[in-house]
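Down below is the structure, laid out as structure tokens.
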Amino acid sequence: MALIEGYTVDRAFFTNNERDTICAQLISDEPDENGDFKMIDYHLDADDNDTDYQMLLQSYNLDQIHEDTFKNIRLEQNSIKRVAIEVAKKNGWILSDVALEDDVSYQRQDEVPDGNTKVVVETKEIRVAASLPEVLNEHVFTDNPSTEYLFELKLKLFEMEFIRENTDRELKKNLRISKTVPDALKAAIELWETK
Amino acid sequence: MGNEIIERKRNTIYVEDDKVIKVLTANIAQSRKIDYWLTVYDKLYAYDNRIVKIYDINDKTITMEKINYKYTLEYYMREFDPSYSHKKLNNYISQYMDIWNNFFQFSFTHLNDFYFFHTDYKLANVLVDENDNLRLIDPDSFKVENLFGYIEPAMFIENLIRLTECRRFYKNDFYLDIDTGTWLPKN
């Protein structure tokens with residue numbers, strides 16, 4: 089028996105930390121005159137004595153509800169991060185190079201681990217381009233340069249047209265073998281000046 | 566140049582005391598990207614030093630480390646090994662898979678939009694050194710690809726099967742068909 093006649097449970101998730109309230113999102117079985125399916129949020133108590141809860145469990149099991157809850161939390165977190173990033177971009181606090189769900193490693197956070205899956209790749213938080221002071225202090229003028237940043241910088245520089253099309257192997261080699269960010273930038277500037 | 570010279574169809578290899586120089590008959594494709602390529606290669610070497618170390622590279626020449634090795638995996642698969650054990654073979658299989666997996670892991674971890682792969686990951690390109698560690702040669706076969714389909718996983722899978730089938734040699738009821746490189750029942 090359905091919670092509402094003519095509607096099927098699309099997903100259901102707990103709405104509080106105590107996990108005693110559930111939001112069941114119901115979708116209409118038939119489209120309306122515009123061809124759209126109607127969605128309804130149906131709230132109920134997660135109580136074994138509750139008739140609605142008993143009906144929900146007839147078509148949707150508890151594992152699915154926990155899984156949907158996990159996904160829903162992720163969705164909400166993504167939305168908040170997206171808003172925060174937009175605000176930061178508008179205020180000039182960060183540059184525009186932002187990866188959210190397009191980032192492969194980021195997507196892995198959305199995977200729900202099960203007993204058969206071993207997560208072997210370290211998940212990354214969203215990657216937001218560092219602000220200029222951060223770049224200068226943490227990556228350029230520092231005694232502890234990040235090799236990962238240097239590697240990414242070199243790849244980005246090699247992709248730039250004036251370097252990619254430059255045929256001076258010696259100058260390009262200087263960029264390749266540079267051990268620090270200032271050295272890499274120096275080599276890139278030399279390539280720029282000889283273009 | 567070189568104590569030993571190996572002439573092949575598309576390259577000539579000069580083996581010196583401490584290095585190997587591979588001279589290609591044609592220029593390396595997209596020579597303007599050599600330094601970009603080598604930057605990625607060096608990073609992969611830091612990630613898994615079982616790939617051969619490259620000292621220098623230009624349009625036609627690759628200078629790399631000389632590896633002291635016992636045999637290639639291709640040779641091992643074809644020849645009888647008096648000191649064979651399952652553990653020994655499993656060690657080779659394990660490393661062969663691990664190196665392949667590291668191409669993936671490296672690409673996922675350090676490269677955002679593309680894969681860096683050895684496109685000729687055949688048994689003849691894998692050396693076994695004196696400590697039974699595998700070493701991967703033919704570095705110019707490493708390619709930057711942005712689509713998984715281009716990396717031809719079938720070659721890896723086929724060679725993995727051939728390697729695992731090698732144990733049949735020691736059961737004495739199979740023989741290696743040289744033409745196809747596969748193990749067949751004796752009867």
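Quick note, the sequences are listed as chains P and X, same order. Residue numbering for the first sequence is 89 to 283, as defined by our numbering. Residue numbering for the second sequence is 566 to 752, as defined by our numbering. Beta carbons are placed, not taken as given, at the ideal position from N, Cα and C, and that holds for glycine.
DSSP-derived helix/strand/coil call for Tyr-680 (chain X): Looking at Tyr-680 (chain X) - three-state DSSP - the assignment turns out to be strand.
So His-675 (chain X) contacts chain P; which residues on that side make the cut at Cβ distance below 7 Å? Phe-239
Cβ-based burial, Leu-749 (chain X) [other Cβ within 10 Å; buried from 16]: exposed
Looking at the C-beta of Phe-250 (chain P), does it have a partner C-beta in chain X at a distance below 8 Å? no
As a quick exercise: from P:Gln-165, P:Gln-113 and P:Thr-235, pick the residue whose alpha carbon is nearest that of Tyr-148 (chain P). P:Gln-113
For Lys-708 (chain X), the nearest candidate out of X:Lys-652, X:Phe-682, X:Lys-687 and X:Tyr-686 (CA to CA): X:Phe-682
Based on Cα-Cα distance, which residue from X:Ser-650, X:Thr-628, X:Glu-569 and X:Val-605 lies nearest to Arg-732 (chain X)? If we check each option's Cα against that of Arg-732 (chain X), X:Ser-650 comes out closest.
Three-state secondary structure assigned by DSSP to Leu-603 (chain X): helix
Check this for me: beta carbons of Leu-163 (chain P) and Ala-100 (chain P), under 8 Å apart or not? no
Closer than 8 Å, CB to CB, is Lys-159 (chain P) near chain X or not? With its beta carbon at least 8 Å from every one in chain X, Lys-159 (chain P) lies outside the interface.
Is the CB of Lys-608 (chain X) under 8 Å away from at least one CB in chain P? Interface criterion met: the Cβ of Lys-608 (chain X) is under 8 Å from a Cβ in chain P.
According to the Cβ coordinates, are Asp-582 (chain X) and Asn-568 (chain X) closer than 8 Å? yes
8 Å CB neighbourhood of Phe-669 (chain X) in its chain, flanking five on each side removed: Tyr-680
Cα-Cα, which of X:Val-605, X:Lys-574, X:Ile-722 and X:Asn-614 is closest to Leu-238 (chain P)? X:Val-605
Could you give the first and the last residue of the continuous beta strand (DSSP E) run that contains Leu-699 (chain X)? 699–701
Proximity to Ile-743 (chain X) [Cα-Cα], best of X:Thr-637, X:Thr-684, X:Tyr-601 and X:Met-642: X:Met-642
Contact set for Asn-262 (chain P): own chain, Cβ-Cβ below 6 Å, skip 5 residues either direction: Ala-275
Determine the DSSP secondary structure at Thr-268 (chain P), reduced to helix, strand or coil. coil
Unbroken alpha helix (DSSP H) run spanning Pro-221 (chain P), endpoints: 220–223
Let me know the secondary structure DSSP gives Leu-91 (chain P) once reduced to three states. coil
Between Ile-277 (chain P) and Ile-571 (chain X), what straight-line distance do the alpha-carbon atoms span, to the nearest angstrom? 42 Å
Between the region 684–693 of chain X and the region 630–639 of chain X, do at least 3 Cβ pairs fall closer than 8 Å? yes
Of the residues X:Asp-703, X:Arg-573 and X:Asp-600, the one placed nearest Leu-259 (chain P), counting alpha carbons only: X:Asp-600
Could you please give the first and the last residue of the uninterrupted beta strand (DSSP E) stretch that includes Ile-622 (chain X)? Start and end: 619–622.
For His-131 (chain P): DSSP bridge partner residues: For His-131 (chain P), which the question treats as bridged, DSSP gives the partners P:Cys-111.
Just by C-beta distance, which residues in the region 608–632 of chain X are closer than 7 Å to chain P? Going along the region 608–632 of chain X in chain order, one finds Lys-608 and Asn-623 with a Cβ nearer than 7 Å to chain P.
Determine whether the Cβ of Leu-699 (chain X) lies closer than 8 Å to any Cβ atom of chain P. no
Residues of the region 257–269 of chain P whose Cβ lies closer than 8 Å to any Cβ of chain X, in chain order: Arg-257, Lys-260, Lys-261, Leu-263 and Arg-264
Does the beta carbon of Asp-742 (chain X) sit closer than 8 Å to a beta carbon anywhere in chain P? Contact with chain P is absent for Asp-742 (chain X), since none of that chain's Cβ atoms lies less than 8 Å from the residue's Cβ.
Would you please verify whether the beta carbon of Leu-279 (chain P) is less than 8 Å from any beta carbon of chain X? no
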